[in-house]
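Undergrad: Submitted below is the structure of interest, expressed as structure tokens.
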Amino acid sequence: MTIIQNAINGQRVTSASTNRVPVFNPATGEQSAELPLSTVEEVNSAVAAAKAAAPEWGDTPSLKRARYMFKYLELLNKHADDIAREISKEHGKTHDDALGEVQRGLEVVEFACGIPSLLKGDYSRNVGPSIDTYADRKPLGVVAGITPFNFPAMVPMWMFPVAIACGNTFVLKPSERDPSAPMLTWDLFQEAGFPDGVLNVVHGDKLAVDTILDHQDIKAVSFVGSTPIAEYVYQRGTAAGKRVQALGGAKNHMIIMPDADMDKAADALMGAGYGSAGERCMAISVAVPIGEKTADTLVEKLKPRVEALKVGPATDKDAEMGPVITKAHKEKVEDYINQGVASGADLVVDGRGYSPQGYENGYFVGGTLFDKVTTDMSIYKEEIFGPVLSVVRAKDYGEAVDMINAHEYGNGTAIFTRDGDAAREFADKIEVGMVGVNVPIPVPVAFHSFGGWKRSSFGAHGMYGPEGVHFYTRLKTVTTRWPEGIKEGAVFTFPS
Ligand code: NAD
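In UniProt numbering, the protein residues as written are 1 to 496.
And the structure:
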């Protein structure tokens, strides 16, 4: 049985913890590895390694830091397929989807290669007689990241390349469900030649997270995961005096206007609703067609598509969607489907009890489509995080917008229309952080920044891009006077 190791101070080390959890292959239901839940001492030793490496790394010229990133980028490109295989094995997503995940993570490393230009300061000459001021962004020191299961390679790469290129050292606590992809990205990081201790990985659960949140040597924490944990991490981390950015769950709506190309809208909903088995924080889980005719046409077009969805293991090249992450999660998703039926929604396509031949012990749920869902139902209000798409019919555009604005989450949203005026008004007024116009999953590219609104995000900064640089640096402003003012003797009043 493979034992998942930690990575501390440039070495892979086996945890001494006897408290271990299994890692499964969700397509087969078989255990593939065992993951020790690190002890407080092990987390502390990762932080100590990061702390020891921080002064020298922070003083390394930013161009030199970027050169390590270029080397890392080269290795990630070379091993993209290997990383994707590790993702699929433990997460279950298809190989192409896993490659897409690696690509999006890689793009943040590309961004990090150019960070020196974003670390440039501001300079003002003669702000007073013979006085000049310059402002500069400094690294924080040791920072940490806590990440979810659904993007085991990409979400860590939203964080550590930016933090490290800014001159910080990093402690990563990945999801305990799919730890092998982050470990491979750590191996490649070391191979790129970064000094020991710059990036450390500790596996664990709540104990490891709490140790990170309370640790006085960690100056900032980035978190991505479910909303209750995001809120908890934000509160505990900020109470301990840290900067915290904590991204949470989502319920993303897509409005389909009567003038939209209905085939394109249906195709977009297939990818956005069922890709990665719906386990994406930017998945569309609610389709909102405007008017009865639009709704009837949309459901008519979606039904055969959902029925034809090819669900299978990542090793099946034809599979469009894999299993969900755990047995417990499969049961939870199926229970939501039961709740939808019980509350009176129309179950158009039922994915319960689905299992591809030869994978009877896998955690598969078939593509599921509900129509006539209403906003009081649990399947509308809560994040299911599975391959379940709900159609909520709205009588007009205004009702759809009010519905989205009233939802507790505000991560992503989209509108499908040919009407520029409606699209512009939607993008301007909707209370959601990331908006797509005829784009179903509007994840910002690496040189913009990612972040939702409302209960999808706690803290002030988005991930990666310029917001990431601001999160991982602090401003220092220096005012200088050389040397004439001093020659004339001390001044005890503010100059007027
Ligand atoms: P999760 O909240 O269960 O776990 C996330 C991290 O928190 C893991 O590292 C886990 O070990 C840790 N954790 C879990 N329980 C904890 C506790 N009680 N105390 C301290 N730490 C704890 O999330 P998940 O199931 O791994 O991921 C799915 C969730 O992540 C979904 O809600 C999804 O929407 C969200 N997500 C959000 C974004 C975003 O950008 N907003 C991106 C990806 C995923």
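Think of the CB as a built atom: it goes at the ideal place given N, C-alpha and C, for glycine as much as any other residue.
Reducing DSSP to helix, strand and coil, say where G351 ends up.
TA: In the structure shown, G351 sits in coil (DSSP, three-state: anything other than H, G, I, E or B).
Undergrad: Use the C-beta contact count for G249: other C-beta atoms within 10 angstroms, 16 or more gives buried, fewer gives exposed.
TA: Result: buried.
Undergrad: Taking the straight line between their C-alpha atoms, what separation do you get for V244 and S226?
TA: For V244 and S226, the distance between alpha carbons rounds to 15 Å.
Undergrad: Hey, how far is the Cα of G351 from the Cα of A308?
TA: Roughly 12 Å between the two C-alpha positions.
Undergrad: Cβ of R177 within 8 Å of Cβ of I325?
TA: Yes. Within cutoff.
Undergrad: Report the rounded CA-to-CA distance for A265 versus A16, giving the unit in angstroms.
TA: Answer to the nearest angstrom: the Cα atoms are 52 Å apart.
Undergrad: Go to K93, then tell me how far its beta strand (DSSP E) extends in each direction, as first and last residue.
TA: First-last for K93: undefined, no H or E at that position.
Undergrad: Give a single yes or no on whether L75 has its beta carbon closer than 7 Å to a heavy atom of the ligand NAD.
TA: Not so, every heavy atom of the ligand NAD lies at least 7 Å from the Cβ.
Undergrad: Which whole runs of the alpha helix (DSSP H) in the stretch 310–348 are 4 residues long or more, in chain order?
TA: Correct list: 327–342.
Undergrad: Near V392, what residues of its chain come up, given a Cβ to Cβ distance below 6 Å and the 5 sequence neighbours on each side ignored?
TA: Excluding positions up to five away in sequence, the list reads V286, V288 and V373.
Undergrad: Answer with buried or exposed for D371, where buried requires no fewer than 16 other C-beta atoms within 10 angstroms of its C-beta.
TA: Buried is the call here.
Undergrad: To which residues of the same chain is D214 closer than 8 Å at the C-beta, ignoring the five residues directly before and after it?
TA: Within the same chain, D214 has close Cβ partners R236 and A240.
Undergrad: Using only CA atoms, which one of P444, G353 and G193 lies nearest to K71?
TA: Selected option, being the one with the closest Cα: G193.
Undergrad: Pull up the distance between the alpha-carbon of R104 and that of D96, whole angstroms please.
TA: Near 12 Å, if we compare the C-alpha coordinates of D96 and R104.
Undergrad: Is it buried or exposed, S124, if we count other Cβ atoms within 10 angstroms and call 16 or more buried?
TA: That one is exposed.
Undergrad: Could you tell me if I8 is buried or exposed, where buried requires 16 or more neighbouring beta carbons within 10 angstroms of its beta carbon?
TA: I8 is buried by the Cβ-count criterion.
Undergrad: With DSSP as the reference, label W453 as helix, strand or coil.
TA: In this structure, W453 counts as strand in the three-state DSSP scheme.
Undergrad: How far does the beta strand (DSSP E) with L247 in it extend, from its first residue to its last?
TA: First-last of the beta strand (DSSP E) with L247: R243 to L247.
Undergrad: How is T37 classed by DSSP in three states: helix, strand or coil?
TA: This sequence places Leu at residue 37; Thr is not what is there. Residue state, collapsed to three classes: coil.
Undergrad: Mind checking R280: buried by the 16 CB within 10 Å criterion, or exposed?
TA: Its Cβ being crowded by 16 or more others within 10 Å, R280 is buried.
Undergrad: Kindly examine the ligand NAD and report whether one of its heavy atoms sits closer than 7 Å to the Cβ of L247.
TA: Yes, Cβ of L247 sits closer than 7 Å to a heavy atom of the ligand NAD.
Undergrad: With burial defined as no fewer than 16 other Cβ atoms inside 10 Å of the residue's Cβ, what is the status of residue 499: buried or exposed?
TA: Nothing in the structure corresponds to residue 499, since the chain is present only between 1 and 496.
Undergrad: Which residue wins for smallest C-alpha separation from S222, given the options P129, K120, K242 and G278?
TA: Here the closest residue by C-alpha is K242.
Undergrad: At what residues does the alpha helix (DSSP H) containing R236 begin and finish?
TA: R236 -> alpha helix (DSSP H) spans T227 to A239.
Undergrad: Pull up the DSSP beta-bridge partners for K173, would you.
TA: BP columns for K173 point to I146.
Undergrad: If we count the other Cβ atoms within 10 Å of its Cβ and call it buried at 16 or more, is S457 buried or exposed?
TA: So S457 counts as buried.
Undergrad: Which residue comes first and which comes last in the beta strand (DSSP E) that contains Q11?
TA: Q11 -> beta strand (DSSP E) spans Q11 to V13.
Undergrad: Drop a sphere of 10 angstroms on the beta-carbon of L63, count the other beta-carbons inside from all chains shown, and report buried for 16 or more, exposed for fewer.
TA: Exposed: under 16 other Cβ atoms inside 10 Å.
Undergrad: Could you tell me the boundaries of the alpha helix (DSSP H) in which K381 lies?
TA: From DSSP, the alpha helix (DSSP H) with K381 extends over S378 to K381.
Undergrad: Which of helix, strand or coil does DSSP assign to D296?
TA: Looking at D296 - three-state DSSP - the assignment turns out to be helix.
Undergrad: Quick check: G420 and G452, are their CB atoms within less than 8 Å of each other?
TA: No, Cβ-Cβ distance for G420 and G452 is not below 8 Å.
Undergrad: Which residues in the same chain have their Cβ closer than 7 Å to the Cβ of V21, if we skip the five residues on either side of it in sequence?
TA: So the list reads L35, L37 and E176, once near-sequence residues are dropped.
Undergrad: Whole angstroms are fine: how far does the CA of H461 sit from the CA of M157?
TA: Looking at the two C-alpha atoms, the distance is approximately 16 Å.
Undergrad: Hey, is G465 close to the ligand MN, as in C-beta under 7 Å from one of its heavy atoms?
TA: This structure does not include the ligand MN; its bound ligands are the ligand NAD.
Undergrad: Let me know the secondary structure DSSP gives L119 once reduced to three states.
TA: Note: L119 maps to coil in three-state DSSP.
Undergrad: Could you tell me the alpha carbon to alpha carbon distance between R85 and K395, rounded to whole angstroms?
TA: Answer to the nearest angstrom: the Cα atoms are 45 Å apart.
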